[in-house]
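Just so we're aligned: the sequence shown equals residues 5 to 642 in this note's numbering.
We put the CB at the ideal spot given by N, CA and C, even for glycine.
Keep in mind it's a predicted model, so treat the numbers as computed, not measured.
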Amino acid sequence: MQKAKCFLRKIRWGSPLALLALGFGGCEEPSRPGADPLTFEEAPVSALEPLIEGAPSNDMLPDEGKADERLPKRFDLLSIQSPVRNQGRRGTCTIFSTTALMESLYIREGTIPNPDFSEQFLQWSTKVELGRFRNSEGSNNEANLQAISRFGIVEEMYWPYEPIPWGPDRDPACGMPEEMRPVRCFTNGDPPPEALRAPRFTLPAGRWINSRPSSIRSYLVNNRLPVVVSGSFFYQAWSHGGSMLPINPEHRRRGIVQYPNEADIMDSRKRPAGHGILIVGYDDDMRVQRIGADGKPEVDANGNPVYEQGFYLFKNSWGPNWATEQVPGATEHPPGYGWISQRYVAEFMQAYVSGLPRVVLREVCDDRVDNDRDGQADCADADCRSAAACMMSATTITAMATPRMPIPDNDPNGLTSEIVINESGPIASLALDLDIRHPYRGDLRVVLEHNGRRAVVVDRQGGGEDNIRESFSLADFNGMEVRGSWKLIVSDLSRADTGTLESWGLRITRCMGSSCGAMESTRRYENRTARDIPDNDPNGVASDISISDRGTIRRIVVNVEIEHRQPSELRVALRRVGGHEQVLFDRQSVSENRLVRSFTLDNFDGQQLSGSWRLVVSDRMAGNTGRLVQWSMEVTLR
């Protein structure tokens, strides 16, 4: 999805608005079809502190290169780059540089030819799921890649980027001083439900690398992967309109960023800022005449030009209207790329990297989507040949209820509506259609229950959006007998807003032939014994489920219910006793004094079901106590 193009209005630097503009930039709405395209005038920078938080010095990091290593004089990775994006008015440069790195790594891996991941979702995940930089619009590459590695992000189409930050016109709380604003002001709200249900894509855990030229050049060439860097921003060196010193128009048009002179360093440190970019190549022989504090080309005492040599080619996040001219003799590149001094990066920036992803796409056989991107969807895909929903003997049962019942406000018991089905047969696939009228859908929890099995369909997702009028494909009941009572439980868990369950329905595919045994089935296991959670104890409390059933796991849904005065102090992990551990929740923000969540896991795909499974809940801060009320596993088998 194409990102909006934005620009910063001309500002008289030194005015009271100047520092605000440096943080956000100024942005007009994207041009409408037929309108003149916007032209780039200036671009936003970010607060410096988040960019450099936790970064080690080069002296603490080994050099990636070898002393006798011979590298080419010129190198680039332009062939594995996604289109240049635009961060608009928001101080999200490292979100964009990290996402650009991720897209490049996925292009290099090859399964997804045109990846376009959601910067908006990564901004939310870093601040809400990871819990970093909650009172700032900024972040850094290390935190962003932690969020991607641990939680994953979705594609752009599920939550498109908004180039303008929320202000008081969108939410009154967003007009408060920055340190008092809620996190939603920096994330532009919560993800829409379709984003929370969408597939997430991850990267391996990242690491810092030495930012000296010998190290970065060696990493680029030997790994053939880009490097994200971030650090101090110097206004004259970047030919930025925020400079109090004269800037060079030619450097600006060509995206040349030189090493800052002393006057530029002194001027820029009066209003410190930072920026993050993606390094995709270098040219050791490229040289540029330096610009002095007066904005004129430098010469030595004899009148000879003073040159700077050795530059990195980098991808920026200021849109394709920045740096539209080529540097003569240097590597040609699309608009939106620039050249930055290798010395600048070594002295004033930090470098971070990650590796190629492991991409495994599976076709879901009843959702009308080409999940594995092979050009065939659902039953037309050869992968679905043995799926029950695609067998000739499959039939469909449709049932509908129109209760039009008011949902009790702030009542965890909610309302219950029932559909009774008298036909028999094993369930191959199930779709739930919901029509709920409510002015704040983030208050709602929706559960479907049948013959002792429960599936959480919606759990306080969608924030301040109106209504739930959607269809949900659920594998939780596959393999069960369709006959019996189906109950929908709708609960409103916050005060003030009320709504109505207008209608709901089931579309169930049942398999009638002898080959029904080949379909997926889902089994539920639970532990309802409540356990106290020790305060400020990393060992926490363990609760086990022992399973003797046999089968090969496809996915696991873990449901937890925990009461605690401060759930943001908790870490929750699922551990196969003697084997793999998966962290489900790690000190994320929760506004209530209870944690009721469902976590879908693919990490145990292909493993055997039988054995002991352990949920470990630990409290990592002193002062508050709680207990694990209950937990369950819903395991889908192949």
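Assignment of beta-bridge partners to residue 637 by DSSP yields 529, 562. For residue 270, the enclosing alpha helix (DSSP H) has its first and last residue at 266-272.
The secondary-structure analysis by DSSP pairs residue 97 with nothing; it has no beta-bridge partner. Each residue's CA atom was taken as its position, placing residue 555 and residue 421 some 34 Å apart. Per DSSP, the continuous alpha helix (DSSP H) segment holding residue 189 begins and ends at 188-191.
Annotation: the continuous alpha helix (DSSP H) that includes residue 347 extends over 346-352. Under DSSP, the beta-bridge partners assigned to residue 545 are 621.
The continuous alpha helix (DSSP H) containing residue 128 extends over residues 123-128.
Ranked by how close their Cα comes to the Cα of residue 514, the residues 51, 80, 367, 433 have 433 in first place. Beta-bridge annotation (DSSP): residue 576 is paired with 589, 621.
Counting only the Cα atoms, residue 304 lies some 11 Å from residue 293.
A Cβ-Cβ distance of about 4 Å is found for the pair residue 219 and residue 68, placing them in contact under the 8 Å criterion. Per the Cβ contact rule, the stretch 68-87 is not in contact with the stretch 262-280 (fewer than 3 Cβ pairs under 8 Å). If you ignore the 5 residues before and after residue 459, its C-beta comes within less than 6 Å of the C-beta of 452, 478, 480, all in its own chain and listed in chain order.
As a beta-bridge residue in DSSP terms, residue 415 pairs with 496.
Partner residues in the beta bridge of residue 491, as assigned by DSSP, are 422, 453. For residue 152, the enclosing alpha helix (DSSP H) has its first and last residue at 145-154. Take residue 493, set aside five residues on each side of it, and the residues of its chain with a beta-carbon closer than 6 Å to its own are 418, 420, 451, in chain order.
Here DSSP, grouped into helix, strand and coil, assigns residue 64 to helix. Between the stretch 226-242 and the stretch 153-161, the count of Cβ pairs shorter than 8 Å is below three; the stretches do not touch.
Boundaries for residue 432: no alpha helix (DSSP H) harbours it, while the beta strand (DSSP E) harbouring it runs 431-441, taken from the DSSP string. The distance from the Cβ of residue 116 to that of residue 377 is about 7 Å, consistent with a contact at the 8 Å cut-off.
Per DSSP, residue 279 lies in no alpha helix (DSSP H); the unbroken beta strand (DSSP E) holding it starts and ends at 278-293.
Your pair residue 566 and residue 630 checks out as a contact, with CB atoms roughly 6 Å apart and the cut at 8 Å. In this chain, the beta strand (DSSP E) harbouring residue 312 covers 311-319. Annotation for residue 472: the continuous beta strand (DSSP E) segment containing it runs 472-478. With a threshold of 16 other beta carbon atoms within 10 Å, residue 536 falls short and is exposed. Just so you know, the alpha carbons of residue 571 and residue 621 end up roughly 11 Å apart. Membership of residue 218 in the alpha helix (DSSP H) is indicated by the continuous run 217-227. In the three-state scheme derived from DSSP, where H, G and I count as helix and E and B as strand, residue 356 is classed as strand. Under the three-state reduction of DSSP output, residue 384 falls in the helix class. Inter-residue distance for residue 63 and residue 251 is about 33 Å (C-alpha atoms, whole angstroms). Taking C-beta atoms as the reference points, residue 581 and residue 619 fail to come closer than 9 Å. With 16 or more other Cβ atoms from the protein chains shown falling within 10 Å of its own Cβ, residue 241 counts as buried.
When DSSP reads this structure, residue 567 sits in a beta bridge with 598, 631.
In terms of Cβ geometry, residue 346 and residue 212 do not form a close pair [threshold 9 Å].
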